[in-house]
Amino acid sequence: MVSLSDYLILSAIIFCIGLVGIFVNRTNIITLLMCVELILVAVNTNFIAFSHFLGNEAGQIFVFFILTVAAAEVAIGLAILTLLFRNKGSINVDVTNSLKG
Amino acid sequence: MEFEQILFYVFSFWFVASSLAMIFSRNAAKAVLFLILSFFSAASIWILLEAEFLAITLILVYVGAVMVLFLFVIKMLNIDKSTLRAKFAGYLPLGLMVAAVIIAEMVLVLGSAQFGLDVVAAPVRHGADYSNITVLAMQLYTTYVYPFELAAVLLLIAIIAAITLVHRNEINRKKQSIPEQVNVQAKDRVRLVSIASPNKEKK
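Written out as structure tokens, the structure is:
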């Protein structure tokens, strides 16, 4: 039988892969957005594993809302990306330094 | 080894492998395709966890809509040049070190001593008459109906925000001019011209 800790460790590994992706692909905003998606899927897997093993459906409801918010986030993120490309001519992270932060 | 365990390891392998391929691929379009594969593997794992509705939703919404949106944007923006010279050498050792430490800590915390089968027993599989969608719908439309409505409002706001962000300036917009359409006369649209027929001129 597959235990709960197997699922949790799998989602921890996926979470860390997404984190390394954010470290590694610092120049490309599209890949950054995709790494955030990967991290969200890892978190959702955690929720669903707990929901299955504890017999409580609230975790699956929570995943439903996370999917909704993530879809909205992607839509607005890609809109901002399009604006950035239109204004700066590139989607490199290095060109987005107007705020001098 | 049981069949369920074999399935779990096969899906996990593809999940991890395609995620790694996603973050290390230099071409953004290939990265999207690898991400689609890893979403499929995630959906398979969710089906192993008896969350059929969410697994199908992940495939339909994420692979069907969100990933296609990513592909559209990559195709529209023509960013191949900027991704080709994306160099990712600098932060790779630091990132790998952080990830290794996090994974080691997570394995220590989430290991089988804390969440193993003898601590959290595997639940009994539901019968063929169990419907995941019915259970979720009962929860969603009774206990969680207010967050459900809020999620709908959030999606509406996202639609409006995305359209407003992209259509900010007036230059590229094609819009309807109602007064011009109402005030139009027949003489503005139709022009009658008399053309001399070439056959008559021959005679």
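Here the protein sequences line up with chains A and B, keeping their order.
Numbering of the first sequence is given in this note's numbering, commencing with residue 52 and proceeding in unit increments.
Numbering of the second sequence is given in this note's numbering, commencing with residue -15 and proceeding in unit increments.
Note that CB positions come from ideal geometry on N, CA and C, so glycine has one too.
All figures in this text were calculated on a predicted structure; none of them were measured in a lab.
List the residues of chain A that residue i touches, going by C-beta distances under 9 Å, in chain order.
i, result
"Glu(-12)(B)", "Met52, Val53"
"Phe(-8)(B)", "Val53, Asp57, Tyr58, Leu61"
"Tyr114(B)", "Chain A residues near Tyr114(B): none, gap ~12 Å exceeds 9 Å."
"Ile179(B)", "What Ile179(B) touches in chain A: nothing, since even the nearest Cβ is about 48 Å away."
Buried or exposed: which applies to residue i, given that a residue is buried once 16 or more other Cβ atoms fall within 10 Å of its Cβ?
i, result
"Phe(-3)(B)", "exposed"
"Asn138(A)", "exposed"
"Ser115(B)", "exposed"
"Arg173(B)", "exposed"
"His110(B)", "exposed"
"Phe99(B)", "buried"
"Ala180(B)", "exposed"
"Asp57(A)", "buried"
"Gly110(A)", "buried"
"Leu140(B)", "exposed"
Considering only DSSP beta bridges, list what residue i is partnered with.
i, result
"Asn79(A)", "Asn143(A)"
By the criterion of Cβ-Cβ separation under 8 Å, what are the contact partners of residue i in chain B?
i, result
"Asn138(A)", "Result: empty, since nearest Cβ-Cβ is about 10 Å, beyond 8 Å."
"Thr147(A)", "Those do not exist, as Thr147(A) stays about 13 Å from chain B at its closest Cβ, beyond 8 Å."
"Val125(A)", "Val50, Leu53, Phe54"
"Ile90(A)", "Correct list: empty, because the minimum Cβ distance to chain B is about 10 Å."
"Leu70(A)", "Gly79, Val82, Ala83, Ile86"
"Val120(A)", "Ala135, Leu138"
Excluding the 5 residues flanking residue i on each side, which residues of the same chain have their C-beta closer than 8 Å to its C-beta?
i, result
"Ile7(B)", "Ala15"
"Val125(A)", "Leu84, Glu88"
Chain A partners of residue i, CB-CB under 7 Å?
i, result
"Ile29(B)", "Thr96"
"Ser96(B)", "Ser54, Ser56"
"Tyr75(B)", "Phe74, Val75, Arg77"
Short of 7 Å in beta carbon distance, which residues of its chain neighbour residue i, apart from the five on each side in sequence? Order them along the chain.
i, result
"Leu59(A)", "Asn97, Ala100"
Starting from the C-beta of residue i, find all residues in its chain whose C-beta is less than 6 Å away, skip the five residues before and the five after it, and write them out in chain order.
i, result
"Leu124(B)", "Phe132"
Give me the chain B residues within the contact set of residue i, using Cβ-Cβ distance strictly less than 7 Å, ordered along the chain.
i, result
"Val114(A)", "Leu38"
Nearest to residue i by alpha carbon, out of the options?
i, options, result
"Ala83(B)", "Gly128(A), Ala130(A), Gly69(A)", "Gly69(A)"
Please compile the residues from chain A whose C-beta is within a distance smaller than 8 Å of the C-beta of residue i.
i, result
"Pro107(B)", "His103, Phe104, Gly106"
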